[in-house]
Amino acid sequence: MKKWFFLCAPRGWARWLRRDTAVAWMFLAPSVVGFAVFYLIPFAMGVMYSFMSSSSGGRIADLSNYRELLSSYSFRKAAYNTFYFSVVSVPLMLALSLGLALLLNRQIYFRKWLRTSYVLPLVVPVASVIIIWQMIFDWNGALNYVFSWFGIDRLDWMKTNAARNVVIAVYLWKNVGYNVILFLAGLQQIPKDYYETAQLEGAGRLRQFFGITLVYLTTTTFFVVIMSIINSFKVFRETYLLAGDYPHDSIYMLQHYMNNMFVSLDIQKLTAAAVLMVCGILTVVLGMFGLERRYRQFME
Amino acid sequence: MRLITTIHKVLLTALMGLIGVLLLFPIVITFTNSLMTEQELNINYGEIGKLTAATSTDADTFVNLKWLPDQVSLSQYGELLVHSPNYLLLFWNSVGYVVPIIIGQMVVAALAAYAFAKLNFFSRDSLFLLYLLTMLMPFQVTLVPNYIMADKLGLLNSSGAVILPGVFAAFGVFMLRQFMLHIPYAYIEAAKIDGASHFKIFLTVILPMVKPGLAALVILLFVDYWNMVEQPLIFINDPFKLPLSVFLSRLSGEWGTIFAASMLYMSPMVLLFLYAETFFIEGVQLSGIKG
Chain A
19 MKKWFFLCAP
29 RGWARWLRRD
39 TAVAWMFLAP
49 SVVGFAVFYL
59 IPFAMGVMYS
69 FMSSSSGGRI
79 ADLSNYRELL
89 SSYSFRKAAY
99 NTFYFSVVSV
109 PLMLALSLGL
119 ALLLNRQIYF
129 RKWLRTSYVL
139 PLVVPVASVI
149 IIWQMIFDWN
159 GALNYVFSWF
169 GIDRLDWMKT
179 NAARNVVIAV
189 YLWKNVGYNV
199 ILFLAGLQQI
209 PKDYYETAQL
219 EGAGRLRQFF
229 GITLVYLTTT
239 TFFVVIMSII
249 NSFKVFRETY
259 LLAGDYPHDS
269 IYMLQHYMNN
279 MFVSLDIQKL
289 TAAAVLMVCG
299 ILTVVLGMFG
309 LERRYRQFME
Chain B
-1 MRLITTIHKV
9 LLTALMGLIG
19 VLLLFPIVIT
29 FTNSLMTEQE
39 LNINYGEIGK
49 LTAATSTDAD
59 TFVNLKWLPD
69 QVSLSQYGEL
79 LVHSPNYLLL
89 FWNSVGYVVP
99 IIIGQMVVAA
109 LAAYAFAKLN
119 FFSRDSLFLL
129 YLLTMLMPFQ
139 VTLVPNYIMA
149 DKLGLLNSSG
159 AVILPGVFAA
169 FGVFMLRQFM
179 LHIPYAYIEA
189 AKIDGASHFK
199 IFLTVILPMV
209 KPGLAALVIL
219 LFVDYWNMVE
229 QPLIFINDPF
239 KLPLSVFLSR
249 LSGEWGTIFA
259 ASMLYMSPMV
269 LLFLYAETFF
279 IEGVQLSGIK
289 G
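Taken in sequence, the protein lines are chains A and B.
The numbers in my numbering rise by one with no breaks, and the one at position 152 of the first sequence is 170.
The numbers in my numbering rise by one with no breaks, and the one at position 239 of the second sequence is 237.
See the structure below:
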């Protein structure tokens, strides 16, 4: 024991930290092993495949897969659609859920019941309501029926560019409740006397909203955005169940593309597309983290 | 003045109620329509998918989306449960996937979350970042290597190919860590002074304190995996091993059966949610507070 004493850092906390490390890895072991086998190693393999040219065991590492991928029309379309969907739907989601949370946070009857009704869509399985979406958005569907009351022409929702709006609507329907309860929690954390002080000092409602509410909701908003991005990729399920492998051009997402590449065994293109998608997500998330940190510093 | 606030309150409630009704609409319609007879459904929804009539704009070709059945009948449920035993089998398949995933992920994730939240070790933050990143990835990103991995482990076409990746998914770790961060370090310190080991601290101090987190996690995982479509489609070839979600999406033709099956499929989720709602909401809210 004495022999190793010099290895243990002179101060107590360092030795403590060292003991922690051993314990920590015991706690982590099951998770890390499984995580490595089912997530980390597969991802590393994917990155490797994306640089290998043609499936015949070629070891030449180059960018030809990426070049091919970028020149493929269907990939560019899928990437554009995925990007477009997130860019439109996430801010829309933010505005809608914040608005609903603000209203729910006011003096209102049946608050609990209303909250329940907003969250309920989250727990309904996609496959269970697909049939309802079909009925609503079909050529002969309920939505066109409602339109006909007002003399608006029918739209073939799933087979025109309007399909985009259908997917956005389904996404909002499913996820708005989750974000509303997140925002409600954030709102309830803001001390009431801030508003009282602001009112005494003559700040208007709008000023209070921007000066107090939004500022104190920064961390919540950040979390909501991250969750919304994750969930925006999950809409693929709905799209897939509604419209199959090859939906209308406007809702052909990266996931469709990758699925179809998998079916046609084009591993190079699939992995290259996956790597590019990961890079995209990574950029967005790191950007968000950076933004949040800067914002926090600015606030302090 | 008081009257005005009351009116205000009523109007606001009405508005919010309207939105709530709109959100509940698909669920309620599924329920009421599952009580209709097959004939009634055929009359109402016969027009679905008849696109060939695209040129005609006759008003009567629309679907007749109805709130209430003319005649309440449980015949669809009877049909489904008695005459198609497939359905129950697939329902059990779904249970067989979801329950092991939830239990497994809770155990694995709770252990890992404790290490991430309350222990100091080398490269903790970078490892956690890796977890976070995989959480953000859509399933398709690691599709090929996952397939190869499952093949190598001999898991293809067995439920393990779906269950094991579910057990080790990062979401639970993220969520529970978030909860454990809220627990003041003093609790652990105190238990340590009393001579408790880390494992004992974890079991007797930490776990009871993250109960709402565990409840929220159970529901969120249930939602996610009860719903799963892509994974079984890729990894499972045997149609008798598929979960109900895949089967439902392929059903077509008999409206009544579809509605009844949809209803039975969503009811465990909805009941669980209503039962544990307070826990769930508390859980989700706590997870969001410290981002």
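Using N, Cα and C, we set each Cβ at its ideal position, and we do this for glycine too.
All values reported here derive from a predicted model rather than from experimental measurement.
Under 8 Å from the C-beta of Y129/B: neighbouring residues of chain A: By Cβ distance, chain A contributes F53.
Enclosing alpha helix (DSSP H) for R124/A [first to last residue]: DSSP places R124/A outside any alpha helix (DSSP H), giving it a letter other than H or E.
Close beta carbons around Q152/A, own chain, < 8 Å, minus the five adjacent residues each side: Closer than 8 Å at the Cβ level, and outside the excluded window around Q152/A, lie G159, L260.
Start and end residues, alpha helix (DSSP H) containing D192/B: Secondary structure note for D192/B: it is in no alpha helix (DSSP H), with a DSSP letter that is neither H nor E.
Which of helix, strand or coil DSSP assigns to F316/A: In this structure, F316/A counts as helix in the three-state DSSP scheme.
Contact with chain A by A52/B, beta-carbon distance below 9 Å: Low local confidence applies: a pLDDT of 48 at A52/B is under 50, so the model's placement there is unreliable, and no value is given.
7 Å Cβ cut-off: residues of chain B touching Q315/A: Ordered by position in chain B, no residue passes the 7 Å Cβ test against Q315/A, which lies about 16 Å from the chain.
Beta-bridge partners of M207/B, as assigned by DSSP: Residue pairing by DSSP leaves M207/B without any beta bridge partner.
M66/A classed as buried or exposed, judged by whether at least 16 other C-beta atoms fall within 10 angstroms: Classification of M66/A: exposed, given that the 10 Å Cβ count is below 16.
Within chain B, the residues that Y270/A reaches when beta carbons sit closer than 8 Å: Simply none; closest approach about 13 Å.
Any chain B beta carbon closer than 9 Å to I126/A: Under the Cβ distance rule, I126/A counts among the residues neighbouring chain B, one pair being separated by less than 9 Å.
Three-state secondary structure (DSSP) of M44/A: M44/A carries a helical assignment under DSSP once its states are collapsed to helix, strand and coil.
DSSP three-state assignment for M70/A, whether helix, strand or coil: Strand, per DSSP.
Local conformation of Y212/A per DSSP, three classes: Correct three-state label for Y212/A: helix.
Best match in V50/A, S107/A, Q206/A for proximity to F251/A [C-alpha to C-alpha]: Nearest to F251/A by alpha-carbon distance, out of V50/A, S107/A, Q206/A, is S107/A.
Distance, R225/A Cα to L141/B Cα: Straight across, the Cα-Cα distance linking L141/B with R225/A is about 49 Å.
Residues of the region 266 to 291 of chain A whose Cβ lies closer than 7 Å to any Cβ of chain B, in chain order: Of all residues in the region 266 to 291 of chain A, Q273, M276, N277, F280, I285, L288, T289 have a Cβ within less than 7 Å of some Cβ in chain B.
The region 127 to 146 of chain B contacting the region 192 to 212 of chain B, beta-carbon criterion three pairs below 8 Å: The region 127 to 146 of chain B is not in contact with the region 192 to 212 of chain B.
Cβ contact check for the region 117 to 134 of chain B and the region 161 to 180 of chain B: 3 or more pairs under 8 Å: By the Cβ criterion, the region 117 to 134 of chain B is in contact with the region 161 to 180 of chain B, since at least three pairs of Cβ atoms, one from each stretch, lie closer than 8 Å.
Exposed unless 16 or more other CB atoms sit within 10 angstroms - verdict on R85/A: It counts as exposed.
Through-space distance from S92/A to M68/A, alpha-carbon basis: Before going further, note that residue 68/A is Ser rather than Met in the sequence given. Each residue's Cα considered, the two are about 18 Å apart.
Among T11/B, E36/B, L16/B, the one whose alpha carbon lies nearest that of A258/B: It is E36/B.
Continuous alpha helix (DSSP H) stretch holding Q138/B: start and end: Looking at the DSSP string, Q138/B is not in any alpha helix (DSSP H), and its letter there is neither H nor E.
Proximity winner among D263/A, I269/A, S268/A, D267/A, relative to F280/A (alpha-carbon distances): If we check each option's Cα against that of F280/A, D263/A comes out closest.
Local Cβ density within 10 Å of T257/A, reported as buried at 16 or more and exposed below that: Burial call: buried.
Same chain, Cβ closer than 6 Å to L235/A, five either side skipped, listed in chain order: Same-chain partners within the cutoff: G204.
9 Å Cβ cutoff, M63/A in contact with chain B: Yes, M63/A counts as interfacial toward chain B.
Closer than 9 Å at the beta carbon, the chain B residues around P139/A: Within chain B, the residues near P139/A are L21, L22, P24, I25.
L240/B - DSSP class collapsed to helix/strand/coil: The answer is coil: DSSP assigns L240/B none of H, G, I, E or B.
N197/A, buried or exposed, once every other Cβ within 10 Å from all chains shown has been counted against 16: Flag for N197/A reads buried.
Contact with chain B by F254/A, beta-carbon distance below 9 Å: Closer than 9 Å: yes.
DSSP three-state assignment for A148/B, whether helix, strand or coil: Residue state for A148/B is assigned as helix, using DSSP reduced to three classes.
Proximity of G15/B and L132/A at Cβ, strictly below 9 Å: Contact flag set, yes.
Validate contact between the region 93 to 105 of chain A and the region 161 to 174 of chain A using beta carbons, cut 8 Å, 3 pairs: Verdict: no, contact absent.
I100/B versus F166/B: straight-line alpha-carbon distance, rounded: Rounded to whole angstroms, I100/B to F166/B spans 10 Å at the Cα level.
CB contact below 9 Å: M14/B versus chain A: For M14/B, the answer is yes, since a Cβ of chain A falls inside 9 Å of its Cβ.
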